[in-house]
Amino acid sequence: MTQEGIYEGLKKVIERNLPRNGRSISLLMDTNLDQLGIDSARRIDILLDAEDMFGIVIEESAFAAVSTLRDLVNLVGELALAA
Amino acid sequence: MKHGPRRVVITGMGVLAPNAHGLAPFANALRNGVSGVRFQSRLAELGFCCQVAAAPTGVDAVAERYFEPVMLRRMDPHCTMACIAALDAWVDAGFSADPESPVDWDTGIVFGLGMGAMHSVAATLASNTDSGKVRRLGSAMVEKTMGSAVSAQLSGLLGVGGQTSTVGSACAAGSEAIINGFRMILEGRATRAVVGGSEADSPYVWAGFEALRVLCANRNGSPETASRPLSASAAGFVPGAGAGALILESLESARRRGAKIYAEIAGAAVNCGGQRNGGTMTAGNFEGRQRCICAAVAEAGIRPEEIDLISGHLTATMADAFEVQNWREALQVPDEHFPLINAPKSMIGHTLGAAGAIESIASVLQIHGGFVHPSLNCEDLHPQLLWCEPKIPHESLRRDLNVVAKSGFGFGDVNTTIIFRRYSPEQERKQP
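Here the protein sequences line up with chains L and Y, keeping their order.
Residues are numbered in my numbering as their position in the first sequence, beginning at 1, plus a constant of 481.
Residues are numbered in my numbering as their position in the second sequence, beginning at 1, plus a constant of 948.
1. What residue from Y/Val957, Y/Ala1001 and Y/Gly960 has the CA that sits closest to Y/Lys1293's CA?
2. Given this structure, state the Cα-to-Cα distance separating L/Leu529 from L/Leu514, to the nearest angstrom.
3. Identify each residue in the stretch 1067 to 1086 of chain Y for which the Cβ-Cβ distance to at least one residue of chain L is less than 7 Å, and report them in chain order.
4. Report the residue ranges of all beta strand (DSSP E) runs contained in full by the stretch 1004 to 1074 of chain Y; include only those spanning at least 3 residues, in chain order.
5. For Y/Arg1369, I'd like the list of residues in its chain whose CB is within less than 6 Å of its CB, leaving aside the five on either flank, ordered along the chain.
6. Got a sec, what are the start and stop residues for the alpha helix (DSSP H) Y/Phe987 sits in?
7. Along the alpha helix (DSSP H) that carries Y/Ser1170, what are the first and last residues, could you check?
8. In whole angstroms, what is the alpha-carbon distance linking Y/Asn980 and Y/Gln1314?
9. List the residues of chain Y whose Cβ lies closer than 8 Å to the Cβ of L/Ile525, in chain order.
10. Just the Cα atoms here: how many angstroms apart are L/Lys492 and L/Leu508?
11. For Y/Gln999, is the classification buried or exposed, using 16 other Cβ atoms within 10 angstroms of its Cβ as the cut-off for buried?
12. Starting from Y/Glu1212, follow its DSSP beta bridges and name the residues at the other end.
13. Closest to Y/Thr1364 by CA distance: which of Y/Cys1220, Y/Gly1206, Y/His1298 and Y/Ala977 is it?
14. If contact means a Cβ-Cβ distance below 7 Å, which residues of the stretch 493 to 518 of chain L contact chain Y?
15. According to the Cβ coordinates, are Y/Ile1057 and Y/Ser1308 closer than 7 Å?
16. For the structure I just gave you, are there three or more beta carbon pairs, one from the stretch 1176 to 1187 of chain Y and one from the stretch 1311 to 1327 of chain Y, closer than 8 Å?
17. Straight-line CA distance for L/Leu550 to L/Phe544?
18. By the DSSP assignment, the alpha helix (DSSP H) with Y/Asn980 in it spans what residues?
19. Do the stretch 1163 to 1175 of chain Y and the stretch 1078 to 1087 of chain Y make contact, defined as three or more Cβ pairs closer than 8 Å?
20. I'd like to confirm the pairing. Which residues does DSSP put opposite Y/Pro1177 in its beta bridges?
21. What residues in its chain sit with their C-beta under 8 Å from that of Y/Ala992, if we drop five residues either side in the sequence?
22. Give a yes or no on whether 7 Å exceeds the smallest Cβ distance from Y/Glu1016 to chain C.
23. Along chain Y, which residues have their Cβ under 8 Å away from the Cβ of L/Leu550?
24. Per DSSP, what kind of secondary structure is Y/Ala1267 in: helix, strand or coil?
25. Measuring only between beta-carbons, confirm whether L/Leu529 sits less than 7 Å from chain Y.
26. Are the CB atoms of Y/Ile1250 and Y/Ile1289 nearer to each other than 7 Å?
27. Note down, in chain order, each residue of its chain lying with its Cβ closer than 7 Å to the Cβ of Y/Gly1226, except the 5 sequence neighbours on either side.
28. Which chain Y residues are close to L/Ala586, counting only those with a beta carbon under 8 Å from its beta carbon?
29. Per DSSP, what are the beta-bridge partners of Y/Pro1187 in this structure?
30. Please classify Y/Arg1022: is it buried, with 16 or more other beta-carbons within 10 angstroms of its beta-carbon, or exposed?
31. Give me the Cβ distance between Y/Gly1095 and Y/Thr1112, rounded to the nearest whole Å; I'm assuming they're in contact under 8 Å.
32. Within 10 angstroms of its Cβ, does Y/His1285 collect 16 or more other Cβ (buried), or is it exposed?
33. Do Y/Ile1209 and Y/Ala1216 have their C-beta atoms within less than 7 Å of each other?
34. State buried or exposed for L/Ile596, treating a residue as buried only when at least 16 other CB atoms are found within 10 Å of its CB.
35. Give me the residue from Y/Tyr1371, Y/Pro1151, Y/Cys1336 and Y/Asn1274 with the minimum Cα distance to Y/Ala1207.
36. Count Cβ pairs between the stretch 982 to 996 of chain Y and the stretch 1101 to 1110 of chain Y that sit closer than 8 Å; are there 3 or more?
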């Protein structure tokens, strides 16, 4: 899977877990997840949805270190390669 | 300036019923005797003897119009339907659900549930837990399954800052929620209350009743005839689902806002028969039921003969005849002056925790619309009810109704009675 493919997939995962309240959300590689209003509960669901989408298991300690979407793309890429 | 006792009026309603979504479609369905009972292939696959049920259709599509996916995945079906009905009621009352609105400290919420989040518990929580996959439950399981799920979601949707709670009194829950909201306003603890009840459509909700052998199992081939309250051939109730919500408001507030007023709650009562003297977990103590009726009538300050219509609990079990007899003994009016009586469940089945709310909305719509809906499937009237045959409408009637009494019962020998009255500005509320 390409980095672009992982990025597009994760964008869908994050969009599914974000309340929009009518706003459009811009998800760029350097977007910080905290700045999107993703709290600890939503991070759990993003982790599980990403696991389902890419067929991987993400250690919660590794996920806790994720700040930006790029960090998450890289983490998923590494795990997908190892799977 | 001297103020009399507060009056509580209904200024908004929302309904997601087995036979209609929305007030106008629901009123039309009631007026035309439209059944919401349908064959359920899933129940047949699961080996239920009862393979019919009454549940709203197309709920997923409706829900997608009301809520973002991120919110939908955090709600059990009973909560989704409750929130749809409550949002409809809120807007109907002239308010908007703005996520940026300030907290409304003067409004409370009381919602009733019967089986609550049984669907999510059985379909997701139990199976994942039992298979060692607790980690896979996701973050929403608590808010989906906690007893207060509905009132908690609604307080966030509407920005409500008064008392917000959920009541669980089985099939009387929707009615008890209305009564609790009524009291909240009467006592000055709130200006408005969002009240109602809901129940999910799920085999997990209905399975216990199937096991109890109280569901109709002999009409799978003709679903519209399956719910037969008051009938000699009634053979159990048709399980149902849905949600109803009402906005109760002090008359002062409604007048100040220039709100439309559907009707007034003139009086109400809730009690329990104590599971004595014939009362059990599943059957009513007649004295308890009659006391409940009398207390509500007394609070309303009306004479029994002023009741134009009884909207019965009437589920299509052997208890129907007892219920009508309890009304007869409680009201103590000559049979020729006994009120009309009809059974909403003949159209919408038994929506359990939603029943009191959906059927109260039906009561109010009949007052507001000047009609009495038919009681379906009771052409073969129960032999113990022949005395009141002229009082049971088989066709819709045009009738100006001033007072409608709504009864509700629940497992645990719980009773509710609500007296709805046509709103009249001149009417004064009598001191109880």
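Even for Gly, the Cβ is constructed at its ideal location relative to N, Cα and C.
According to the structure shown:
1. Y/Ala1001
2. 16 Å
3. Arg1084 and Gly1086
4. 1055 to 1061
5. Glu1212, Ala1214 and Val1351
6. Run containing Y/Phe987: none in the alpha helix (DSSP H); it sits in the beta strand (DSSP E), Val985 to Phe987.
7. Segment: none, Y/Ser1170 is in no alpha helix (DSSP H) and carries neither H nor E.
8. 12 Å
9. Gly1086 and Ser1087
10. 7 Å
11. buried
12. Y/Val957 and Y/Arg1369
13. Y/Cys1220
14. Arg497, Asn498, Leu499, Pro500, Arg501 and Asn502
15. no
16. yes
17. 11 Å
18. Leu971 to Asn980
19. no
20. In DSSP, Y/Pro1177 forms no bridge with anything.
21. Gln999 and Asn1168
22. Of the protein chains in the structure, L and Y, none is chain C.
23. By Cβ distance, chain Y contributes nothing, its closest Cβ being about 17 Å from L/Leu550, past 8 Å.
24. helix
25. yes
26. no
27. Asn1233 and Phe1234
28. Examination of residue 586 of chain L is not possible in this model, given that chain L is present from 482 through 564 alone.
29. Y/His1298
30. buried
31. Incorrect: roughly 12 Å between the Cβ atoms, too far for contact.
32. exposed
33. no
34. Because chain L is modelled from 482 through 564, residue 596 of chain L falls outside the range shown and cannot be assessed.
35. Y/Tyr1371
36. no
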